[in-house]
Amino acid sequence: MDGRRRNPYELTQDTPVYVISVAAQLSGLHPQTLRQYDRLGLVSPDRTAGRGRRYSARDIELLRQVQQLSQTEGINLAGIKRIIELENQVAALQARVADLEGALDGVAATMRQREAAVHASYRRDLVPYQEVQQTSALVVWRPKRQQQPD
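Residue numbers (the UniProt record's numbering): 1 to 150.
Here it is as C-alpha cells:
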C-alpha cells in the first residue's frame, strides 16, 4: 500500500465482488472451467468465510486472457500457468526497478544539495590549485651581459 487509508467501500480492480456464475458469464466460460482453473492455480479468486469464490475485475480479465491463450494461441494450461507466473514476475521486477530508480533519484538529489553546500562554504580568497605538468624539455638560461660604461 502507499500509506494512505483506503475507503473500505471503494471498488478497485482487485475487489472481489463477482460470484462464480457471474464471473463465468462475464468471461464467457463455464463455471466448471473456472473451478478447474482455480484447482490448477491459473486464476485464484478470493474466498468468502463460507469458502465461496469471489472474483474481481482483474480475475475476469485474467480468465479472458487464459481463454484467448488456450483457444486462439493453442497453448496448453501448463504453458499458460508458466506465462502468467513469468508476467507476474516481470511486473514485480518492474515495480522494484521503479522503486530503486525513485530511491536513486532521491539520493542523487541529496548528494547535489550536499555538494552545493560544500561549494557554498568555499573561501573566496583561495585560488584552486592546478597541478603543473612536467615535461622533459630543457631550458638553458644565460644571464645577460652587462654593458660596461664607456
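Note that CB positions come from ideal geometry on N, CA and C, so glycine has one too. Just so it is clear, the structure is predicted and the values come from calculations on it, not from any experiment.
Beta-ladder partner(s) of residue i, from DSSP
i, result
"residue 96", "None; residue 96 has no bridge partner."
"residue 154", "Since the first residue shown for the chain is 1 and the last is 150, residue 154 is missing from the structure and cannot be characterised."
"residue 18", "55"
Residue environment, residue i, which counts as buried when at least 16 other CB atoms sit within 10 Å
i, result
"residue 45", "buried"
"residue 53", "buried"
"residue 37", "buried"
"residue 78", "exposed"
"residue 138", "exposed"
Close beta carbons around residue i, own chain, < 8 Å, minus the five adjacent residues each side
i, result
"residue 27", "34, 60, 63, 64 and 67"
"residue 135", "none"
"residue 16", "45, 46, 54, 55, 56 and 59"
For residue i, the nearest candidate out of the options (CA to CA)
i, options, result
"residue 25", "48, 57, 9 and 14", "57"
"residue 47", "19, 118 and 129", "19"
"residue 12", "90, 55 and 98", "55"
7 Å Cβ shell around residue i - same chain, five flanking residues per side excluded
i, result
"residue 29", "63 and 67"
**Request:** Decide if the stretch 77-84 is in contact with the stretch 34-50; the criterion is three or more beta carbon pairs, one per stretch, under 8 Å apart.
**Result:** yes
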